[in-house]
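Novice: One structure, pasted below without further comment.
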Amino acid sequence: MDLLKKEFASKLMKVKAIKLQPENPFTWASGWKSPFYCDNRKTLSYPDLRNYVKLELVHAVLENFPEAEAVAGVATGAIAQGALVADELNLPFVYVRSKPKDHGLENLIEGELKPGMKVVVVEDLISTGGSSLKAVEAIRKNCCEVVGMVASYTYGFDVAKKAFEEAGVKLITLTDYDHVVEQAKETGYIKPEHVEVLNEWRKDPANWMKL
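For any residue, its number in my numbering is found by taking its place in the sequence shown, counting from 1, and adding 6.
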């Protein structure tokens, strides 16, 4: 898997999916500030790379969760990736909203899952894990079993690892923060002075702008 993580990290940089803004930090949904962002949804705009991601996610499902009977994408970032994976596997597909829509049927899960189905969740990116595990909770409340989750990228934060362990969800990712940063340093994608900023942020990301 390390070779895959390194290869995919390199591909993300080639399409400039890795963003570094120390002077103008990103604000995540969790409220955390970050000088670093992985916009791996850009892979959807490049047919060869889109196909690569699709097939590697499919391989991850077949290798780790062969019992899956349906695929669920987490809205909105993983709807497209999830649908591509489900199509390749010829499995039913649904997507899970962050909250029920405020009109019509007020669905939280769009599509149909039959009670007792074994579901693999597809996510685009894992930061704190909060939104991803809300999707897991929604599927479980729908009387289905979540067999695991596959994602394109994870920051690898301890808080996320703990949350996934407590939720009993196995997570498989194509690449992660450590491999991306290592590749970025090797190729000169990030400047030497930015490495120190990233190291400081990495020590305590939840409080990084407050220190």
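No residue lacks a Cβ here, since even glycine has one placed at the ideal position from N, Cα and C.
Could you tell me the alpha carbon to alpha carbon distance between L180 and L10, rounded to whole angstroms?
Specialist: Taking the straight line joining both Cα atoms gives about 7 Å.
Novice: Can you give me the start and stop residues for the alpha helix (DSSP H) that K11 sits inside?
Specialist: D8 to K20 is the span of the alpha helix (DSSP H), which, as asked, contains K11.
Novice: So for D164, helix, strand or coil by DSSP?
Specialist: Note: D164 maps to helix in three-state DSSP.
Novice: Measuring CB to CB, does Y195 end up less than 8 Å from G162?
Specialist: No.
Novice: Would V3 be called buried (16 or more neighbouring beta carbons within 10 Å of its own) or exposed?
Specialist: The structure shown does not extend to residue 3, since the chain is modelled only from 7 through 217, so no value can be given for it.
Novice: Do you know offhand how far P6's Cα is from E75's?
Specialist: In the structure as shown, the chain begins at 7 and stops at 217. Residue 6 is therefore absent and cannot be evaluated.
Novice: Taking C150 as the reference, which of Q189, E118 and L95 has the closest Cα?
Specialist: The residue with the shortest Cα to Cα distance from C150 is E118.
Novice: What does the alpha-carbon distance come out to for the pair P198 and W207?
Specialist: If you take the alpha carbons of P198 and W207, they lie about 15 Å apart.
Novice: Can you give me the start and stop residues for the beta strand (DSSP E) that I178 sits inside?
Specialist: Taken as a continuous stretch (DSSP letters only), the beta strand (DSSP E) holding I178 covers L177 to D182.
Novice: Quick one: which unbroken alpha helix (DSSP H) runs of 4-plus residues sit fully inside the stretch 118 to 151? Chain order, please.
Specialist: The qualifying runs are 136 to 147.
Novice: What are the complete beta strand (DSSP E) segments, minimum 3 residues, inside the stretch 30 to 71?
Specialist: The qualifying runs are 42 to 44.
Novice: Give the straight-line distance between the Cα atoms of V165 and T134, rounded to the nearest whole angstrom.
Specialist: The straight-line gap from Cα to Cα measures roughly 6 Å.
Novice: So, is E171 buried or exposed, given that buried needs 16 or more other C-beta atoms within 10 angstroms?
Specialist: Answer is exposed; the Cβ neighbour count stays below 16.
Novice: Helix, strand or coil, according to DSSP, for E116 in the structure here?
Specialist: DSSP places E116 in strand when its eight states are reduced to three.
Novice: Should Q189 be labelled buried (16 or more other beta-carbon atoms within 10 Å of its own) or exposed?
Specialist: Under this definition Q189 is a buried residue.
Novice: Can you find at least 3 beta carbon pairs, one from the stretch 200 to 215 and one from the stretch 38 to 49, that sit closer than 8 Å?
Specialist: They touch, by the three-pair rule.
Novice: Along the alpha helix (DSSP H) that carries G88, what are the first and last residues, could you check?
Specialist: Element bounds for G88: I85 to L95.
Novice: With distances taken Cα to Cα, identify the nearest neighbour of E129 among E73, E13 and V175.
Specialist: Residue V175 is the option with its Cα nearest to E129.
Novice: Taking L131 as the reference, give the member of A23, E13, P31 and S51 with the closest Cα.
Specialist: Residue A23 is the option with its Cα nearest to L131.
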